[in-house]
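The structure appears right after this line, and notes come after that.
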Amino acid sequence: MRPLPVLAALLLASAQAQTLLPLDSRPATRTLPAQIAGLTGKTPHLPPASLLGTAARGADPAALSDWLRAQPTDGPLVVSLDALAYGGLVQSRNSPLSAAQALAHLAPLKDWTARTGQPVYAFITLPREPDAADRARNLAVVREVMAWARQGHLTELHIAWDDALPGSPAPAEGAALAAEAPANVRVYPGADEVASMLVARALAPQPQTVRFEYSDPARAEQVIKYEGIPLTQSARNHAEASGFTVTDSGPADLTVYVYNGGDPRQAALRVSALLRRGPVGVADVGSVNMGNARMWRDLQTLRQSANLQALAAWGTPGNNLGTALAHAKLALSGADPVRQDALLAREYANDVIYSAEVRATLRKVIPEKEMNAPAAREALLRLAHTSFPLRLGQVYDLRDAALPWGRSFEWEFDLSVN
């Protein structure tokens, strides 16, 4: 690993505790960005999962506002406007609130910087189709908070369109917003990864460069599902939104190897070769919502997983690119080594062990409609334990696990050092 620049080390060491108000209570949107923020060695101020929204129940915006007012104002604020306005991502699609009512919930943010002296990094989504009940309302709210950003009330605003399948109006809406956006507003496809990226922008602002290498360069030029743009453009969007400058040739502070198909063994060997040259992160986008188990097993055999700056394979291509880049941005800036290894272990356990292996087996033994029953948790623990201990830099055991949203898609889990 190349030596840490002195300035980067000093900047990260002086970073203050961050306040993070996530999109909802899912581990990918709450736990992961908080652990990325924790790489600084400080613990972010984070609402309990019970205060945040689920698929069935939205968060109470008044309770979230009360929580926010009670937090120390000792660092930057990263905030999901959908959580505070509507109660969460799901609720942003189906809430009966008017634009005026939603904006009233966001009012405390308008003078946050003036009152606290701390910057506000905010994000909001353009809802997916066909779930959006009132697109005009959502767009009106987005345009108003974009005006707040233009006026300097928000340090940065990221507007992300969610799961844009063919026929969705979101890409066209995003293009129209981007055409009139001020310099501190970014518009791109995404949702669940954006909090992690804003954490990186807030806590690791020092300039860094990144280059991308694809396992299938020709395929990377094709339009990808859920985003409506080529994979190469998504990578650039997420890199710039995380605070990187993309370089197409020459040396870079980070290489992100994007596995987008092809021979997984050759991919593992290529990652190993790249690691001999400098810092590397891996975004596995060959399949949606699951890692390529063969490639990751080979990387484990080569004992290279622990040497990565970051890894991601849990979601859509944009999800994976965004969280890998955000994690790597903090890692490059002098992350606490114990927390860095623990986060890599968390990513491997979630993105590879669970998403590529355990989840499919769990679905064979427990019907999806029964995932909220005690038998599902018992089966989850029994099946997952067979993949542990997990060796990265340290050796990790699975201490506990649950299905927090009562479905098989995601799990919440605790690891302990053996």
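Heads up: the sequence shown is residues -17 to -1, 1 to 401, going by mature numbering (1 follows the signal peptide of the UniProt record, and there is no 0). Glycine included, each C-beta is placed from N, C-alpha and C at the ideal position.
Hey, how far is the Cα of residue i from the Cα of residue j?
i, j, result
"alanine 132", "glycine 41", "26 Å"
"residue 412", "leucine 398", "Limits of the chain in this structure are -17 at one end and 401 at the other, which puts residue 412 out of reach."
"threonine 108", "alanine 123", "12 Å"
"aspartate 49", "alanine 235", "44 Å"
"proline 350", "proline 27", "37 Å"
"alanine -9", "threonine 23", "Note that alanine -9 scores a pLDDT of 40, beneath 50, so its modelled location is shaky and nothing firm can be said."
"serine 255", "glycine 317", "22 Å"
"isoleucine 336", "alanine 158", "38 Å"
"glutamate 395", "arginine 360", "11 Å"
"arginine -16", "leucine 252", "At arginine -16 the pLDDT is 39, less than 50, meaning the model places this residue with poor confidence; the figure from the coordinates comes in the next sentence. Arginine -16 and leucine 252: Cα-Cα distance of roughly 21 Å."
"valine -12", "aspartate 319", "With a pLDDT of only 37 at valine -12, under the threshold of 50, the placement of this residue in the model should not be trusted; the figure read from the coordinates follows. Rounded to whole angstroms, valine -12 to aspartate 319 spans 15 Å at the Cα level."
"alanine 266", "alanine 276", "13 Å"
"asparagine 167", "valine 182", "16 Å"
"serine 225", "lysine 347", "38 Å"
"aspartate 175", "glutamine 249", "30 Å"
"leucine -14", "methionine 278", "Bear in mind that the predicted position of leucine -14 carries a pLDDT of just 38, short of 50, making it too unreliable to give a figure here."
"leucine 60", "proline 300", "26 Å"
"leucine 381", "leucine 366", "11 Å"
"proline 102", "alanine 90", "15 Å"
"proline 190", "valine 229", "11 Å"
"glutamate 204", "threonine 215", "6 Å"
"asparagine 401", "phenylalanine 392", "27 Å"
"serine 151", "alanine 385", "34 Å"
"glutamate 127", "alanine 309", "27 Å"
"aspartate 43", "alanine 85", "12 Å"
"alanine 155", "histidine 88", "27 Å"
"leucine -6", "proline 113", "Low confidence applies to leucine -6: its pLDDT is 46, below 50, so where it sits in the model is not reliable enough to give any reading."
"alanine 358", "alanine 339", "21 Å"
"alanine -1", "arginine 13", "16 Å"
"alanine 362", "glycine 298", "23 Å"
"valine 170", "threonine 369", "42 Å"
"threonine 138", "phenylalanine 371", "43 Å"
"leucine 373", "leucine 282", "13 Å"
"alanine 164", "aspartate 334", "34 Å"
Three-state secondary structure (DSSP) at residue i?
i, result
"glycine 70", "coil"
"tyrosine 240", "strand"
"leucine 398", "strand"
"proline 172", "strand"
"alanine 384", "strand"
"leucine -7", "Because the pLDDT at leucine -7 is just 42, under 50, the model does not fix this residue reliably, and the value given afterwards should be weighed accordingly. Note: leucine -7 maps to helix in three-state DSSP."
"methionine 278", "helix"
"glycine 264", "strand"
"residue 404", "Outside the modelled stretch of the chain, which goes from -17 to 401, sits residue 404, for which no answer is possible."
"alanine -1", "coil"
"alanine 39", "coil"
"serine 316", "coil"
"alanine 166", "coil"
"serine 48", "helix"
"leucine 291", "coil"
"valine 271", "coil"
"serine 63", "strand"
"arginine 346", "helix"
"arginine 374", "strand"
Just to confirm, is the Cβ distance from residue i to residue j under 9 Å?
i, j, result
"serine 78", "tyrosine 69", "yes"
"glycine 173", "asparagine 243", "no"
"alanine 153", "glycine 71", "no"
"residue 402", "glutamine 377", "Residue coverage of the chain in this structure runs from -17 to 401, which leaves residue 402 outside it and unanswerable."
"proline 200", "valine 206", "no"
"threonine 284", "serine 179", "no"
"alanine 187", "leucine 313", "yes"
"valine 268", "alanine 296", "yes"
"glycine 274", "threonine 238", "no"
"leucine 148", "valine 62", "no"
"histidine 141", "tryptophan 95", "no"
"leucine 51", "proline 5", "no"
"valine 321", "glutamine 292", "no"
"alanine 11", "asparagine 355", "no"
"aspartate 246", "serine 288", "no"
"arginine 184", "aspartate 145", "no"
"asparagine 121", "alanine 130", "no"
"alanine 38", "arginine 342", "no"
"arginine 98", "threonine 56", "yes"
My understanding is that residue i touches residue j, with C-beta atoms under 8 Å, so please give their C-beta distance in whole angstroms.
i, j, result
"leucine 64", "alanine 32", "In fact, because the Cβ distance is near 19 Å, the residues do not count as touching under 8 Å."
"proline 387", "serine 8", "7 Å"
"valine 193", "alanine 222", "5 Å"
"serine 217", "leucine 304", "6 Å"
"valine 271", "lysine 352", "Actually they do not touch by this definition, with Cβ atoms about 23 Å apart."
Looking at the C-beta of residue i, does it have a partner C-beta in chain B at a distance below 9 Å?
i, result
"alanine 46", "Included in the structure is just one protein chain, with no chain B present."
Segments of 4+ residues assigned as alpha helix (DSSP H) that fall wholly inside the stretch 95 to 164: Counting whole runs of 4 or more residues, the stretch 95 to 164 contains the alpha helix (DSSP H) stretches 95 to 99, 118 to 133 and 153 to 163.
Please give the ranges of any alpha helix (DSSP H) in the stretch 181 to 248, keeping only runs that are unbroken, at least 4 residues long and fully inside the region. 200 to 203 and 214 to 225
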